[in-house]
């Protein structure tokens with residue numbers, strides 16, 4: 001986990017205090033908003049989508065992870081949360097963790113749509 005920004009690891013233990021070692025890989029997409037700008041991720045206050053990949057015990061734990069990690073990064077999940085079981089890009093470790101965190105603001109998506117419209121309406125002479 002040396003390549004991860006601080007705060008992405010969550011330390012979960014089983015009810016008996018033993019570390020869990022069997023994890024499944026998930027990709028999550030969460031609709032919400034940035035409540036506190038985060039310079040490391042270039043976020044600004046406003047509506048946003050957060051995406052990340054995690055190794056977790058199950059889909060429920062994966063969902064809990066994006067909520068908790070999102071809070072640490074200034075993001076609140078307050079809309080749809082999609083969880084997909086996916087192929088990993090990084091090997092599992094001895095504890096659940098998240099990586100490849102990305103934020104896309106709705107303003108960025110609108111700007112991209114406007115750019116596409118401009119290209120589609122270009123006049124050729």
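In full-length UniProt numbering, the protein residues as written are 1 to 125. In this text, a Cβ means the ideal position worked out from N, Cα and C, and glycines have one as well.
Review point. Three-state secondary structure (DSSP) at residue 63?
Key: helix
Exercise for review: Taking 8 angstroms as the cut-off, decide whether the C-beta atoms of residue 33 and residue 100 are in contact.
Suggested key: no
Review point. Is it true that the CB of residue 23 sits closer than 8 angstroms to the CB of residue 85?
Key: no
Practice item. Whole angstroms is fine: what's the gap from residue 106's alpha carbon to residue 47's? Key: 6 angstroms
Check your understanding: What residue does the beta strand (DSSP E) around residue 45 start on, and which one ends it?
Key -> Per DSSP, residue 45 belongs to no beta strand (DSSP E) and is neither H nor E.
**Study point:** Three-state secondary structure assigned by DSSP to residue 68
**Key:** helix
Check your understanding: Going by beta carbon distance, what residues of the same chain come within less than 6 angstroms of residue 30, once the five residues before and after it are set aside?
Key -> 50, 66, 77, 81
Exercise for review: Please state if the CB of residue 93 and the CB of residue 55 are separated by a distance shorter than 8 angstroms.
Suggested key: yes
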